[in-house]
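So the sequence lines, in the order shown, correspond to chains Y and P.
Position in the first sequence counted from 1, then plus 29, gives you this note's numbering.
Position in the second sequence counted from 1, then plus 29, gives you this note's numbering.
We put the CB at the ideal spot given by N, CA and C, even for glycine.
This report concerns only the one structure given below.
2 protein chains.
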Amino acid sequence: MSLPSLKMNETHDTSLRSWVQSANAENSSFPIQNLPYGVFRRSGSEEAFRAGVAIGDQILDLPAAQAAGAFSGFDEATRTAAHAACGGSSLNALMALTPAAWSALRLALSRLLRSGSAHQTELAACLVPQAQAEYDVPAVIGDYTDFYTSIHHATTIGKLFRPDNPLLPNYKWVPIGYHGRASSIAISGQQFRRPVGQTKAPDADLPTFGPCKRLDYELELGIFIGGGNALGEPVPMAQAEDKVFGLCLLNDWSARDVQAWEYQPLGPFLSKSFASTISPWIVTLEALAPYRCGWTRPADDPQPLPYLDAPTLRESGAFDIELEVLIQTAAMREAGSAPERLSLGNYRDAYWTVAQLVTHHTVNGCNLRPGDFFGSGTLSGPAPDQAGSLLELSGGGKAPLNLANGEKRVFLEDGDTIILRAVARRDGLPNIGFGEAAGTVLPARSLA
Amino acid sequence: MSLPSLKMNETHDTSLRSWVQSANAENSSFPIQNLPYGVFRRSGSEEAFRAGVAIGDQILDLPAAQAAGAFSGFDEATRTAAHAACGGSSLNALMALTPAAWSALRLALSRLLRSGSAHQTELAACLVPQAQAEYDVPAVIGDYTDFYTSIHHATTIGKLFRPDNPLLPNYKWVPIGYHGRASSIAISGQQFRRPVGQTKAPDADLPTFGPCKRLDYELELGIFIGGGNALGEPVPMAQAEDKVFGLCLLNDWSARDVQAWEYQPLGPFLSKSFASTISPWIVTLEALAPYRCGWTRPADDPQPLPYLDAPTLRESGAFDIELEVLIQTAAMREAGSAPERLSLGNYRDAYWTVAQLVTHHTVNGCNLRPGDFFGSGTLSGPAPDQAGSLLELSGGGKAPLNLANGEKRVFLEDGDTIILRAVARRDGLPNIGFGEAAGTVLPARSLA
Numbered sequence: 030m031s032l033p034s035l036k037m038n039e040t041h042d043t044s045l046r047s048w049v050q051s052a053n054a055e056n057s058s059f060p061i062q063n064l065p066y067g068v069f070r071r072s073g074s075e076e077a078f079r080a081g082v083a084i085g086d087q088i089l090d091l092p093a094a095q096a097a098g099a100f101s102g103f104d105e106a107t108r109t110a111a112h113a114a115c116g117g118s119s120l121n122a123l124m125a126l127t128p129a130a131w132s133a134l135r136l137a138l139s140r141l142l143r144s145g146s147a148h149q150t151e152l153a154a155c156l157v158p159q160a161q162a163e164y165d166v167p168a169v170i171g172d173y174t175d176f177y178t179s180i181h182h183a184t185t186i187g188k189l190f191r192p193d194n195p196l197l198p199n200y201k202w203v204p205i206g207y208h209g210r211a212s213s214i215a216i217s218g219q220q221f222r223r224p225v226g227q228t229k230a231p232d233a234d235l236p237t238f239g240p241c242k243r244l245d246y247e248l249e250l251g252i253f254i255g256g257g258n259a260l261g262e263p264v265p266m267a268q269a270e271d272k273v274f275g276l277c278l279l280n281d282w283s284a285r286d287v288q289a290w291e292y293q294p295l296g297p298f299l300s301k302s303f304a305s306t307i308s309p310w311i312v313t314l315e316a317l318a319p320y321r322c323g324w325t326r327p328a329d330d331p332q333p334l335p336y337l338d339a340p341t342l343r344e345s346g347a348f349d350i351e352l353e354v355l356i357q358t359a360a361m362r363e364a365g366s367a368p369e370r371l372s373l374g375n376y377r378d379a380y381w382t383v384a385q386l387v388t389h390h391t392v393n394g395c396n397l398r399p400g401d402f403f404g405s406g407t408l409s410g411p412a413p414d415q416a417g418s419l420l421e422l423s424g425g426g427k428a429p430l431n432l433a434n435g436e437k438r439v440f441l442e443d444g445d446t447i448i449l450r451a452v453a454r455r456d457g458l459p460n461i462g463f464g465e466a467a468g469t470v471l472p473a474r475s476l477a
Numbered sequence: 030m031s032l033p034s035l036k037m038n039e040t041h042d043t044s045l046r047s048w049v050q051s052a053n054a055e056n057s058s059f060p061i062q063n064l065p066y067g068v069f070r071r072s073g074s075e076e077a078f079r080a081g082v083a084i085g086d087q088i089l090d091l092p093a094a095q096a097a098g099a100f101s102g103f104d105e106a107t108r109t110a111a112h113a114a115c116g117g118s119s120l121n122a123l124m125a126l127t128p129a130a131w132s133a134l135r136l137a138l139s140r141l142l143r144s145g146s147a148h149q150t151e152l153a154a155c156l157v158p159q160a161q162a163e164y165d166v167p168a169v170i171g172d173y174t175d176f177y178t179s180i181h182h183a184t185t186i187g188k189l190f191r192p193d194n195p196l197l198p199n200y201k202w203v204p205i206g207y208h209g210r211a212s213s214i215a216i217s218g219q220q221f222r223r224p225v226g227q228t229k230a231p232d233a234d235l236p237t238f239g240p241c242k243r244l245d246y247e248l249e250l251g252i253f254i255g256g257g258n259a260l261g262e263p264v265p266m267a268q269a270e271d272k273v274f275g276l277c278l279l280n281d282w283s284a285r286d287v288q289a290w291e292y293q294p295l296g297p298f299l300s301k302s303f304a305s306t307i308s309p310w311i312v313t314l315e316a317l318a319p320y321r322c323g324w325t326r327p328a329d330d331p332q333p334l335p336y337l338d339a340p341t342l343r344e345s346g347a348f349d350i351e352l353e354v355l356i357q358t359a360a361m362r363e364a365g366s367a368p369e370r371l372s373l374g375n376y377r378d379a380y381w382t383v384a385q386l387v388t389h390h391t392v393n394g395c396n397l398r399p400g401d402f403f404g405s406g407t408l409s410g411p412a413p414d415q416a417g418s419l420l421e422l423s424g425g426g427k428a429p430l431n432l433a434n435g436e437k438r439v440f441l442e443d444g445d446t447i448i449l450r451a452v453a454r455r456d457g458l459p460n461i462g463f464g465e466a467a468g469t470v471l472p473a474r475s476l477a
């Protein structure tokens, strides 16, 4: 069985330091052991978006580094990967390569950016401060699939709809997923109008039309597919992680009242497709290797069917990634108050692993393409205050949350900003940060 | 209210004849009043796929026609549209233009291809016989949405699952839709392996894994979006048809046993994403203008909510398009027998119109992009033998269909080819044919 992503190498050495000093700060999200990819340009400029790597509070401009000859001394795999990364305004060409190529480029970047690098002088000229950058969605997303991998979320939501039968019979067998809307995925900083649509109150005879009254966020991780598979050629578990380029944050905003009225029998549609917000940086599976952990599946649950099983991944198929949701209301912003935490959870509590999602998605022959995107589904933990949505935190909209400034929230109000953050942490290891995915609700359009 | 697609013009003149003689045959699918677009190349060649227009049994090679100067005498709108159509291996750039531009190009093509055209000699050299061509999916499909617009299909399917409550309460209010998988959409001629997956028989305790046992087709029309809308800016009914480039055929192959086990609570997923087959030619709304008809909504059904209503479209928002499904089994192929008809229906029986689908899809602010694709959903008519799937024709898999050669079918067998055809017909008007969408089931991959 080939599990290259489990392999540790010199890029994981905890003693590595960067000549970009901000990367060495204890609380840096982007130490030299991270090296996530994104696409960026200088804020407000007309520059083309291009590939960059986060290092401390800076971005290494990859095309500029390539033009400066930074990769010319490396082997062909590295030069090919660098060339692919620098060819346009998205990372699809880099994603189309193999884990070996991704690993070669990561090793080169680690060597170029570490203290003592002979390339410090020319590369220092290729840095752009993150504070002066703006970002775009880092890949052309061909298809977006959203999963449902938190059994705690599925159970809590199920209880609201079916108190006597919260978890559907297929949940522990099938990694439930559905196709999502790719066109409305935008990068952190997205501001979107409160959606308008049809809803029907449970006690109403007829539906009505108007702005959503139960607007929610969903805390998810996003998974960017690399490589891909031909139509009709499934990806077995042993190769599944080879098809994963990396992870980011995803807020799958949801209009709960629209969802309740529209979702039978074919699933959520307009309740989700008005906006989805992702973080700019893609953290590679290789960077996350030291933060792997085993499945949390209870012993008396059914074991996965053989096509979804792999002994090695039982021990290491999950990831220990801390997940945080914060809110900043308009009133907080006006008062200059910092965002307030709504929940803190961890990705290790998901029921299905990344590899299982890839294998399940392709088992019928469905083809994945480089740049395709998965959502994990709302990541709620076992404790009520680890829930990844307001619908859960408010007990189905019945128990308002009390914010520190005296405001209350059942669902989102106009002007609310929701911020998702994630970080992989382990004692003795550097923090591998994901940055953040922030989005703000604007008032609904006028229906006059 | 602007409804340019209702306007008739000289391209609809029934007396027009083409110098391409095969276009004038009474049973031609592609008379000069049709002029559908596709992308093609010579079969088996390494040529780039490029835009073409079907005329009789020929294809006008658009880049070749442009290179021959055919469009140079036309106005700027026409030249711009021709330039967009000729710029690559997909029609997205042409689709990104406006109905006025599409109309200008159609007028030019009508004039160039009609009898007496001064361009006959140079354009005759730009024809490729359809018999010598192969086709590709004519657009890069950003997002694919499948709807559920046949109330007859929804009712029949609903009866199988809920005999006492066949039609869900939202059906007559909400044009139900869900996101589909774009990556596995392929062009007519697609051959695909029978999908493999998890299923659970109703009386079984546990799910099993293996080849699909209830493989089905779904007769649909496909809708290619042109123009588009910005995120947050809905398309009202009065502009909805301006966002539609044209229609084709779609077979949304379905694994019914996989679907039954996986679809709650988020809808169909792997039961659909293994393959979808479309026809090569996109028939424009302008070509279909003379075949419009009124809604068939019963008088005692609820009227559409105002955002989905438009008086003009009540009279003309539907299309009179005959829809046919044929099967050719392996035994028929070996015996040299022609395909056998399974059903004959009509698109006019759909409950929701194309314009309503566009407006509903965008009412929440969701953005559509040129090249996006909608499926109509399975188009079953009011009579049982007008059903658009085997699941319906076989009464839920209980009543086998008897084929003329003595074979029986409940669901699809390996080697079966399903052929969808469509034609808009009216007394005194030429037939506007859609060509066909054919696909063949191959045996499942080995699970040894």
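Discussion item. In the DSSP output, which residue or residues are listed as bridge partners for residue 23(Y)?
Written reply: This structure cannot speak to residue 23(Y), because chain Y is shown only from 30 to 477.
Discussion item. Please state the DSSP three-state secondary structure of residue 92(Y).
Written reply: helix
Worksheet item: Which one of 460(P), 451(P), 393(P), 353(P) has the shortest CA to CA distance from residue 210(Y)?
Response: 393(P)
Worksheet item: What does residue 172(P) touch in chain Y if you count any residue whose Cβ is under 7 Å from its own?
Response: 210, 211, 212
Worksheet item: Quick one: Cα of residue 376(Y) to Cα of residue 138(Y), how far?
Response: If you draw a straight line from the Cα of residue 376(Y) to the Cα of residue 138(Y), it comes to about 27 Å.
Worksheet item: When Cβ atoms are compared, which residues of the stretch 376-406 of chain P fall closer than 8 Å to chain Y?
Response: 389, 390, 392, 393, 394, 395, 396, 397, 398, 401
Fill in: Residues that DSSP places opposite residue 229(Y) in a beta bridge
Answer by DSSP bridge pairing: none, since residue 229(Y) is not bridged.
Discussion item. Cutting at 7 Å between CB atoms, please list the residues of its own chain near residue 431(P), excluding the five before and the five after it.
Written reply: 437
Worksheet item: What's the gap between the Cα of residue 70(P) and the Cα of residue 382(Y)?
Response: 43 Å
Worksheet item: Which residue comes first and which comes last in the beta strand (DSSP E) that contains residue 237(P)?
Response: Segment 237-240, the beta strand (DSSP E) holding residue 237(P).
Worksheet item: Along the chain, where does the beta strand (DSSP E) that runs through residue 357(P) open and close?
Response: 351-357
Worksheet entry | Where residue 202(Y) meets chain P, residues with beta-carbon distance less than 7 Å | By Cβ distance, chain P contributes 227, 236.
Discussion item. Can you tell me where the beta strand (DSSP E) holding residue 160(P) begins and where it ends?
Written reply: Note, residue 160(P): premise wrong, no beta strand (DSSP E); not H, not E.
Worksheet entry | Neighbour flag for residue 32(P) against chain Y, beta carbons, 8 Å | Legend: pLDDT at residue 32(P) = 42, less than 50; position of this residue unreliable, no value from coordinates given.
Worksheet item: If you pair each beta-carbon of the stretch 234-245 of chain P with each one of the stretch 101-108 of chain P, do three or more pairs fall below 8 Å?
Response: Taking a cut-off of 8 Å for Cβ pairs, the stretch 234-245 of chain P and the stretch 101-108 of chain P do not touch, as fewer than three such pairs fall below it.
Worksheet entry | is_contact[residue 164(P), chain Y] using C-beta, thresh 8 Å | no
Discussion item. Between which two residues does the beta strand (DSSP E) holding residue 470(P) run?
Written reply: 461-471
Worksheet item: With a cut-off of 8 Å, does the C-beta of residue 246(Y) fall near any C-beta of chain P?
Response: Not an interface residue.
Worksheet item: Thinking C-alpha only, which one of 59(Y), 75(Y), 114(Y) is nearest residue 68(Y)?
Response: It is 114(Y).
Discussion item. Quick check on DSSP: helix, strand or coil for residue 119(Y)?
Written reply: coil
Worksheet item: How about residue 222(P): is its C-beta nearer than 8 Å to some C-beta of chain Y?
Response: yes
Item to complete: Output, in chain order, the set of chain Y residues within a Cβ distance shorter than 9 Å of residue 291(P).
Response: 199, 203, 205, 206
Discussion item. Can you pull out the residues from the stretch 295-315 of chain P whose beta carbon lies closer than 9 Å to at least one beta carbon of chain Y?
Written reply: 295, 296, 297, 298, 299, 300, 301, 302, 303, 304
Worksheet item: What in chain P is Cβ-close to residue 189(Y), meaning under 9 Å?
Response: The premise fails here: residue 189(Y) is roughly 12 Å from chain P at the closest Cβ pair, so nothing lies under 9 Å.
Worksheet entry | Candidates 325(Y), 259(Y), 76(Y), of which the one nearest residue 347(Y) by Cα | 325(Y)
Worksheet item: If you measure from the beta carbon of residue 320(P) to each beta carbon in chain Y, is any gap under 8 Å?
Response: no
Worksheet entry | Per-residue DSSP class, three states only, for residue 437(P) | strand
Worksheet entry | Residue span of the alpha helix (DSSP H) that contains residue 286(Y), given as start and end | Going by DSSP, residue 286(Y) is part of the alpha helix (DSSP H) stretching over 285-291.
Item to complete: Quickly, what does DSSP pair residue 149(P) with across the bridge? List them, please.
Response: For residue 149(P), which the question treats as bridged, DSSP gives no partner whatsoever.
Worksheet entry | chain P contact for residue 336(Y) (CB, 8 Å cutoff) | yes
Discussion item. Could you compute how far the alpha carbon of residue 215(P) sits from the alpha carbon of residue 227(Y)?
Written reply: 34 Å
Practice prompt. Report yes or no: do three or more beta-carbon pairs, one from the stretch 251-260 of chain Y and one from the stretch 360-374 of chain Y, lie closer than 8 Å?
Written response: no
Worksheet item: the stretch 259-274 of chain P: which residues have C-beta closer than 7 Å to a C-beta of chain Y, in chain order?
Response: 260, 261
Discussion item. To the nearest angstrom, how far is the alpha carbon of residue 56(Y) from that of residue 47(Y)?
Written reply: 14 Å
Practice prompt. Keeping to the same chain, check which residues put their C-beta closer than 8 Å to that of residue 31(Y); ignore five residues upstream and five downstream.
Written response: Note that residue 31(Y) scores a pLDDT of 39, beneath 50, so its modelled location is shaky and nothing firm can be said.
Worksheet item: Quick one: what does DSSP say residue 164(P) is sitting in, helix, strand or coil?
Response: strand
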